[in-house]
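Below you'll find the structure, written out as structure tokens, and then a few comments.
Number of protein chains: 2
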Amino acid sequence: MSRNQQINEEKKEERKKKILSGALKLFAKRGLVATKISDIAQETAMSQGLIYHYYNSKEDIYTELIKTAFKKLIEACYILEKTEATPKGKIIMAIEGLLKGLTDNEDTALYHLLIAQATVSDVTPNEARTIIKEHNTVPYDVMTRIFEQGQKDGTIYHHNARELSILFWTTINGLAIYKSSHGAKSFTPDLSIITSMFFKK
Amino acid sequence: MSRNQQINEEKKEERKKKILSGALKLFAKRGLVATKISDIAQETAMSQGLIYHYYNSKEDIYTELIKTAFKKLIEACYILEKTEATPKGKIIMAIEGLLKGLTDNEDTALYHLLIAQATVSDVTPNEARTIIKEHNTVPYDVMTRIFEQGQKDGTIYHHNARELSILFWTTINGLAIYKSSHGAKSFTPDLSIITSMFFKK
DNA sequence: GTCTATATCCAGATAGAC
DNA sequence: GTCTATCTGGATATAGAC
Numbered sequence: 028m029s030r031n032q033q034i035n036e037e038k039k040e041e042r043k044k045k046i047l048s049g050a051l052k053l054f055a056k057r058g059l060v061a062t063k064i065s066d067i068a069q070e071t072a073m074s075q076g077l078i079y080h081y082y083n084s085k086e087d088i089y090t091e092l093i094k095t096a097f098k099k100l101i102e103a104c105y106i107l108e109k110t111e112a113t114p115k116g117k118i119i120m121a122i123e124g125l126l127k128g129l130t131d132n133e134d135t136a137l138y139h140l141l142i143a144q145a146t147v148s149d150v151t152p153n154e155a156r157t158i159i160k161e162h163n164t165v166p167y168d169v170m171t172r173i174f175e176q177g178q179k180d181g182t183i184y185h186h187n188a189r190e191l192s193i194l195f196w197t198t199i200n201g202l203a204i205y206k207s208s209h210g211a212k213s214f215t216p217d218l219s220i221i222t223s224m225f226f227k228k
Numbered sequence: 028m029s030r031n032q033q034i035n036e037e038k039k040e041e042r043k044k045k046i047l048s049g050a051l052k053l054f055a056k057r058g059l060v061a062t063k064i065s066d067i068a069q070e071t072a073m074s075q076g077l078i079y080h081y082y083n084s085k086e087d088i089y090t091e092l093i094k095t096a097f098k099k100l101i102e103a104c105y106i107l108e109k110t111e112a113t114p115k116g117k118i119i120m121a122i123e124g125l126l127k128g129l130t131d132n133e134d135t136a137l138y139h140l141l142i143a144q145a146t147v148s149d150v151t152p153n154e155a156r157t158i159i160k161e162h163n164t165v166p167y168d169v170m171t172r173i174f175e176q177g178q179k180d181g182t183i184y185h186h187n188a189r190e191l192s193i194l195f196w197t198t199i200n201g202l203a204i205y206k207s208s209h210g211a212k213s214f215t216p217d218l219s220i221i222t223s224m225f226f227k228k
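Protein chains in written order, with the numbering used here: chain A, 28 to 228; chain B, 28 to 228.
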């Protein structure tokens with residue numbers, strides 16, 4: 028690829044990112060169907076036709092966002108699992124990291140909301156649905172393993188580890204959704220309240 | 028009103044209930060815009076035109092459901108508050124009742140999901156938005172008061188009571204959303220795990 | 001009350017000029 | 001690459017027969 032081609036490629040990627048970023052806000056808050064291409068065009072200060080220069084359809088943009096959402100989430104999960112720390116330490120890091128993301132970065136809550144919506148909705152495009160099916164269990168699996176290890180070393184309550192994991196993620200999810208409507212800075216719960224669900228005293 | 032008129036009124040109410048019940052499932056799972064009147068017609072085995080005999084618009088049906096959702100929720104809150112029980116007892120009853128509703132009654136999770144969606148979305152019709160604004164704080168207020176009382180009698184941790192209340196509801200909400208996609212019977216967390224966020228040991 | 005047929009509108013996607 | 005104009009399909013809501 029020539030030098031110019033490469034610059035153009037980068038410009039193109041920039042534009043695509045801009046579209047995705049505008050679309051994320053809209054999709055998360057309105058859902059796939061209620062978000063119009065004209066909304067995305069307006070949000071990104073492009074013409075309607077130009078959007079189609081970068082993406083073939085509205086559903087493509089949506090699916091791309093779902094891909095990114097899981098990529099970020101799963102990457103964070105694996106990093107967490109590989110960290111040098113006790114299970115209890117990992118759980119604290121997970122909650123801290125997630126709460127920090129939800130308060131400091133507007134997009135974090137939107138990504139959570141997007142995944143929640145896409146998982147629940149039955150108008151989710153097939154390609155996105157497939158991605159969800161393939162990746163959705165990873166965060167649950169990772170947290171289940173960490174809880175199991177914490178039960179072995181005696182720091183975590185002996186409930187079913189899978190259920191603890193589900194409760195962990197549903198709690199985070201509930202918070203993310205609350206923050207999506209009340210604002211990222213609206214409120215951040217005390218770390219110790221959430222951990223008290225899992226840690227022995 | 029004559030006897031016949033009264034019977035007709037009842038029949039009419041029956042039909043309206045049937046529409047609402049079908050629409051609840053669809054709205055909760057697809058959102059307002061993605062749900063077509065033809066979907067509701069199919070779900071309730073009526074013709075498309077007939078729906079308009081009972082409701083003036085799709086948004087009217089939606090708004091009616093939001094009204095019902097809050098009516099049920101707020102009524103339960105007030106009953107809880109008036110019950111003869113200690114604050115701790117009330118919190119246990121609340122969680123038990125909510126979990127039971129979420130597992131035994133399909134509609135419960137759907138109502139929670141509907142409220143969550145309508146609160147977050149910015150395509151929610153104005154009338155529905157007004158209802159939310161007027162009623163949304165009630166459940167938070169009621170639980171805040173109960174937590175405060177529990178702090179006075181020494182059974183509840185001394186975190187900010189409002190924040191405990193928000194955490195309480197976001198946790199329930201997260202669970203409701205999980206159940207909406209994984210099925211009402213998919214999993215029910217142990218009562219004691221959730222209460223451990225709030226109760227001193 | 002219930003249905004079918006249809007007017008009307010609007011959104012997704014495309015075509016083609018620049 | 002970017003825009004404007006337009007085609008096309010589909011959804012809301014209405015009209016009118018039964």
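Beta carbons are placed, not taken as given, at the ideal position from N, Cα and C, and that holds for glycine.
{"Query": "Short CB-CB distance (under 8 angstroms) between LEU202 (chain B) and chain A", "Result": "yes"}
{"Query": "Straight-line gap, ASP149 (chain A) to GLU111 (chain B) (C-alpha atoms, nearest Å)", "Result": "43 angstroms"}
{"Query": "Inter-stretch contact at 8 angstroms, needing at least 3 Cβ pairs: the region 87-96 of chain A / the region 77-95 of chain B", "Result": "no"}
{"Query": "Cβ contact (3+ pairs, closer than 8 angstroms) linking the region 180-187 of chain B and the region 219-227 of chain B", "Result": "yes"}
{"Query": "Where PHE226 (chain B) falls: helix, strand or coil (DSSP)", "Result": "strand"}
{"Query": "Test: VAL147 (chain B) CB closer than 8 angstroms to a CB of chain A", "Result": "yes"}
{"Query": "Cutoff 8 angstroms: ASP217 (chain B) Cβ touching any chain A Cβ", "Result": "yes"}
{"Query": "8 angstroms Cβ cutoff, ALA143 (chain B) in contact with chain A", "Result": "yes"}
{"Query": "C-beta atoms of ASP134 (chain B) and LEU51 (chain B) nearer than 8 angstroms", "Result": "yes"}
{"Query": "Meets three-Cβ-pair contact criterion under 8 angstroms: the region 112-131 of chain B and the region 28-36 of chain B", "Result": "no"}
{"Query": "Own chain partners of THR62 (chain B) with C-beta closer than 6 angstroms, once the 5 adjacent residues on each side are dropped", "Result": "LEU53, PHE54"}
{"Query": "Beta-carbon spacing of THR146 (chain A), LEU202 (chain B) below 8 angstroms", "Result": "no"}
{"Query": "Stretch-stretch touch, CB-based, cutoff 8 angstroms, three pairs: the region 136-146 of chain B with the region 92-104 of chain B", "Result": "yes"}
{"Query": "Residue ranges of each alpha helix (DSSP H) within the region 37-69 of chain A, 4 or longer", "Result": "none"}
{"Query": "Alpha carbon of ARG1 (chain B) to alpha carbon of LYS127 (chain B), nearest angstrom", "Result": "The question about residue 1 (chain B) has no answer here: the residues shown for chain B are numbered 28 through 228."}
{"Query": "Alpha-carbon to alpha-carbon, THR164 (chain A) and GLY210 (chain B)", "Result": "16 angstroms"}
{"Query": "Contact set for ILE193 (chain A): own chain, Cβ-Cβ below 8 angstroms, skip 5 residues either direction", "Result": "TYR167"}
{"Query": "Contacting residues, own chain, Cβ-Cβ under 6 angstroms from GLY49 (chain B) (five flanking each side not counted)", "Result": "ILE67, GLU70, THR71"}
{"Query": "Buried/exposed call for TYR105 (chain B), threshold 16 Cβ in 10 Å", "Result": "exposed"}
{"Query": "Identified DSSP bridge partners for ILE183 (chain A)", "Result": "A:PHE226"}
{"Query": "Pair within 8 angstroms by beta-carbon distance, TYR82 (chain B) and ILE46 (chain B)", "Result": "yes"}
{"Query": "As assigned by DSSP and simplified to three states, the class of GLU111 (chain B)", "Result": "coil"}
{"Query": "Sequence-distant residues of its chain with Cβ nearer than 7 angstroms to LYS212 (chain A) (five each side left out)", "Result": "THR130"}
{"Query": "Burial state of CYS58 (chain A) (16 or more Cβ within 10 Å)", "Result": "This sequence places Gly at residue 58 (chain A); Cys is not what is there. Looking at its Cβ environment, which holds 16 or more other Cβ atoms inside 10 Å, GLY58 (chain A) is buried."}
{"Query": "Beta-carbon proximity check, ALA103 (chain A) vs GLY124 (chain A), cutoff 8 angstroms", "Result": "yes"}
{"Query": "Pairwise C-alpha distance: LYS44 (chain A) and SER219 (chain B)", "Result": "45 angstroms"}
{"Query": "8 angstroms Cβ cutoff, GLY128 (chain A) in contact with chain B", "Result": "no"}
{"Query": "Extent of the continuous alpha helix (DSSP H) run through VAL150 (chain A)", "Result": "It is not in any alpha helix (DSSP H) - VAL150 (chain A) carries neither H nor E in the DSSP assignment."}
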